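Protein chains in written order, with numbering that gives the first Met the number 0: chain A, 0 to 352; chain B, 0 to 175. For reference, the structure is listed below as structure tokens.
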Amino acid sequence: MENYIKDQDKLKEYINVVERLDADKSYGLLEARVKKHKRIQLRRTVLRYAAIIAVVLAIPFAFYRISLQKQITTVSENNVIKPLSNKARIVLADGKQISLSATVDTNVLNKTGIKYDKDSETISYKTDVLSRSSAPKRVIVPRGAEINLKLSDGTKVYINSDSELEFPSRFTGRYRKVKMRGEAFFKVAKDKEHPFIVETSHVDIRVTGTEFNVKAYSEEDKIQTTLVEGGVDVYYGFDKLDKVSIKPSQQAEYSKRGEGVDVKDVDVNIYTAWLGQKFIFKDQTLEEIMTVLARWYDVEVFYQNNELRDIVFSAEVGRYDNINTILDCIEKTGDIDVSIKNKTVILREKFNK
Amino acid sequence: MHTTKKLEIEGFYKSFFQTLVAFCYKYSGDISKAENIAQDCFYKMLTGDYDALSEEKTKAFLYKMAHNMCISDLRHQKVVDNFSEYTRLNSDDFYEENVEEQERNALVYKTIKQLPPQSEKIILLTLKEYTNKEIAEKLDVSVNTIKTLKKNAFAKLRDSLVSYKDLILFYIFKKS
Numbered sequence: 000m001e002n003y004i005k006d007q008d009k010l011k012e013y014i015n016v017v018e019r020l021d022a023d024k025s026y027g028l029l030e031a032r033v034k035k036h037k038r039i040q041l042r043r044t045v046l047r048y049a050a051i052i053a054v055v056l057a058i059p060f061a062f063y064r065i066s067l068q069k070q071i072t073t074v075s076e077n078n079v080i081k082p083l084s085n086k087a088r089i090v091l092a093d094g095k096q097i098s099l100s101a102t103v104d105t106n107v108l109n110k111t112g113i114k115y116d117k118d119s120e121t122i123s124y125k126t127d128v129l130s131r132s133s134a135p136k137r138v139i140v141p142r143g144a145e146i147n148l149k150l151s152d153g154t155k156v157y158i159n160s161d162s163e164l165e166f167p168s169r170f171t172g173r174y175r176k177v178k179m180r181g182e183a184f185f186k187v188a189k190d191k192e193h194p195f196i197v198e199t200s201h202v203d204i205r206v207t208g209t210e211f212n213v214k215a216y217s218e219e220d221k222i223q224t225t226l227v228e229g230g231v232d233v234y235y236g237f238d239k240l241d242k243v244s245i246k247p248s249q250q251a252e253y254s255k256r257g258e259g260v261d262v263k264d265v266d267v268n269i270y271t272a273w274l275g276q277k278f279i280f281k282d283q284t285l286e287e288i289m290t291v292l293a294r295w296y297d298v299e300v301f302y303q304n305n306e307l308r309d310i311v312f313s314a315e316v317g318r319y320d321n322i323n324t325i326l327d328c329i330e331k332t333g334d335i336d337v338s339i340k341n342k343t344v345i346l347r348e349k350f351n352k
Numbered sequence: 000m001h002t003t004k005k006l007e008i009e010g011f012y013k014s015f016f017q018t019l020v021a022f023c024y025k026y027s028g029d030i031s032k033a034e035n036i037a038q039d040c041f042y043k044m045l046t047g048d049y050d051a052l053s054e055e056k057t058k059a060f061l062y063k064m065a066h067n068m069c070i071s072d073l074r075h076q077k078v079v080d081n082f083s084e085y086t087r088l089n090s091d092d093f094y095e096e097n098v099e100e101q102e103r104n105a106l107v108y109k110t111i112k113q114l115p116p117q118s119e120k121i122i123l124l125t126l127k128e129y130t131n132k133e134i135a136e137k138l139d140v141s142v143n144t145i146k147t148l149k150k151n152a153f154a155k156l157r158d159s160l161v162s163y164k165d166l167i168l169f170y171i172f173k174k175s
């Protein structure tokens, strides 16, 4: 009977597949994955509250820093605290630049239709109020600064130091396109009809509604796209036609030298810690750590001995700490002598170990 | 007070996961890929808004999700040269056939696993096309023992499967 033979083959195929599986092991993996997801959700809720608290605390602290800075110039000590003068700038359609310093003229801003909330450090705007010439087109964040931006579709962008974002004040057409360099975290507003595309120097990242981090500094070899929630496609290669899709807790790492993309499972907390109160470094070289700190504190780094660059650390440090606190920690690990002179951190090998 | 009983996940997973993998396997022919997609379906279900109450509804939900993910994966493979195959796999007919087939396989396999251990081994080896002589050697019993045990096992299977009112399965074991 023909049917009989076909059915038996189907059963054989089923058994063949089933016997290759280990249900207990895969359940264990699933359980771990789900637990991790729940931990991340919980942590993000906690981070949100932490951020609110930090803003409230920051205001009196800012006053303290101003007076301390005055003291420093007279004593000529080498204390380096995060410079207050470095603030983000908005570039308008007519080319005018507005610097969002503590003393920014809100009247000038209001006329353009752009709103800046100093407490949350967020730029937002209403498209109906904007005039052609005053439409915001670019946000430039220098070293030592950070800013938050809300785009016309509701997408929130958190921009790190030494970064830039170019965007249309109004999204028209099929795609919502922005261009960036540096590092930013995106919370894209859902709109399946209009995919959101982030263009960087070598890769384009395409999404519909999702949360992800992009690290694409021009002086670094790697471009890292880390996905927290949702889904993204990363386009790379010649004409950006090659594509790789990643899932939450995955990272697509593009190497400019290698021209390929590596997809790995990562702990997203490491790559999104900068949004909160901390830097999280896991098994990173001193050079990698100092690069991040240099950008954030706006300092230069000098290595007396090149071997120091490769020493590996894992650490969690507060972003709003004085840099000296962090450098002290590094020195205490034993092998390194750390000092600062004129905004340059000097790293030397210690002789008396 | 009315309390809705939620589906017990661990037990459900351990009994259904393998069938979902076999379902996904029909699209790609790749067991690892099928396993990953099946696990992703469970992951999405457990971390999303879905409230798993009934086993049947949850199976249907997962089959649908798996079908969509497998098709989506095939699309990404750029199988332009296999377009007719892609169309076949993407049809409602194929989806229904696949679900029916895997549910049937699962039922038969479950029944086989419920046989006494010796009989279970004999049936599985028979399906793998071992001869009676080979099976006798493997299990270290005489060929006659094998023949007898086989006859009884198939009879038992037929009984339990017929009692599930699935006549098609009756024919699978008719030869022996």
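All C-beta atoms, glycine included, are put in the ideal place defined by N, C-alpha and C. Since we're looking at a predicted model, the values are computed, not measured.
Let me check one thing: in DSSP terms, what residues is residue i bridge-paired to?
i          : result
Asn-147(A) : Thr-121(A), Tyr-157(A)
Ala-183(A) : Ile-158(A), Val-213(A)
Ser-254(A) : Lys-221(A)
Phe-301(A) : Ile-345(A)
Glu-198(A) : Lys-178(A), Asp-203(A)
Gln-249(A) : Asp-264(A)
Ser-338(A) : Ile-345(A)
Ile-279(A) : Glu-315(A)
Going by Cα to Cα distance, which pick from the options is closest to residue i?
i          : options                                        : result
Ala-293(A) : Gln-276(A), Val-17(A), Asn-323(A), Tyr-26(A)   : Asn-323(A)
Asp-72(B)  : Val-98(B), Lys-58(B), Ala-37(B), Asn-104(B)    : Ala-37(B)
Ala-314(A) : Phe-280(A), Glu-258(A), Asp-127(A), Gly-229(A) : Phe-280(A)
Lys-255(A) : Pro-167(A), Glu-219(A), Tyr-319(A), Phe-185(A) : Glu-219(A)
Cys-153(A) : Glu-306(A), Val-298(A), Glu-165(A), Lys-125(A) : Here residue 153(A) is Gly; the residue named in the question, Cys, does not match the sequence. For the residues Glu-306(A), Val-298(A), Glu-165(A), Lys-125(A), the minimum Cα distance to Gly-153(A) belongs to Lys-125(A).
Asp-39(B)  : Glu-7(B), Gly-10(B), Phe-16(B)                 : Phe-16(B)
Ile-121(B) : Leu-138(B), Val-107(B), Gln-113(B), Tyr-108(B) : Leu-138(B)
Ala-31(A)  : Tyr-216(A), Gly-257(A), Asp-266(A)             : Asp-266(A)
Tyr-108(B) : Thr-171(A), Lys-9(A), Leu-150(A), Lys-155(A)   : Lys-9(A)
Tyr-49(B)  : Val-20(B), Leu-6(B), Lys-25(B)                 : Leu-6(B)
Tyr-26(B)  : Asn-97(B), Lys-149(B), Ser-141(B), Ser-14(B)   : Asn-97(B)
Quick one: what's got a C-beta closer than 6 Å to residue i's C-beta in the same chain, skipping five residues either side?
i          : result
Val-206(A) : Val-187, Phe-195, Val-231
Val-55(A)  : In this prediction, Val-55(A) scores a pLDDT of 48, lower than 50, which makes its location untrustworthy; the coordinate-derived value is nonetheless stated afterwards. Around Val-55(A): no qualifying Cβ.
Ala-251(A) : Thr-224, Val-233, Val-243, Ile-245, Val-260, Val-262
Glu-182(A) : Asn-159, Ser-162, Lys-214
Asn-2(A)   : Interpretation of Asn-2(A) is limited by its pLDDT of 45, a score under 50 that renders its predicted location unreliable; no figure is taken from the coordinates.
Ile-14(A)  : none
Which same chain residues end up closer than 8 Å to residue i when comparing Cβ atoms and leaving out the 5 residues on each side of it in sequence?
i          : result
Gln-146(B) : The sequence given here has Lys at residue 146(B), not Gln. Contacts found: Asn-131.
Met-289(A) : Val-300, Val-344, Leu-346
Tyr-12(B)  : Phe-41
Leu-108(A) : Ile-97, Lys-114, Tyr-115
Met-44(B)  : Ala-51, Thr-57, Phe-60, Leu-61, Met-64
Met-0(A)   : A caution first: Met-0(A) carries a pLDDT of 33, below 50, which makes its placement in the model unreliable, though a value can still be read off. Nothing listed; no residue qualifies.
Mind checking whether residue i and residue j have CB atoms under 7 Å apart?
i          : j          : result
Phe-22(B)  : Gln-76(B)  : no
Ile-222(A) : Val-202(A) : yes
Thr-46(B)  : His-36(A)  : yes
Ser-118(B) : Ala-154(B) : no
Arg-175(A) : Glu-163(A) : no
Val-140(A) : Ala-92(A)  : no
Tyr-42(B)  : His-66(B)  : no
Leu-240(A) : Tyr-157(A) : no
Ser-123(A) : Lys-114(A) : yes
Glu-228(A) : Thr-209(A) : yes
Arg-137(A) : Val-90(A)  : yes
Arg-19(A)  : Ile-30(B)  : yes
Val-337(A) : Glu-330(A) : yes
Kindly indicate the opening and closing residues of the alpha helix (DSSP H) around residue i.
i          : result
Val-107(B) : 91-112
Asp-72(B)  : 54-75
Arg-87(B)  : 82-88
Leu-124(B) : 116-126
Beta strand (DSSP E) containing residue i: first to last residue?
i          : result
Gln-96(A)  : 96-98
Glu-133(B) : Note, Glu-133(B): premise wrong, no beta strand (DSSP E); alpha helix (DSSP H) at 131-138.
Gly-317(A) : 311-317
Arg-294(A) : It is not in any beta strand (DSSP E) - Arg-294(A) instead sits in the alpha helix (DSSP H) that spans 285-296.
For residue i, which residues of its own chain have a beta-carbon under 7 Å away from its beta-carbon, when the five flanking residues on both sides are left out?
i          : result
Gly-317(A) : Gln-276, Lys-277
Arg-87(B)  : Phe-93
Ala-272(A) : Phe-278, Ile-279
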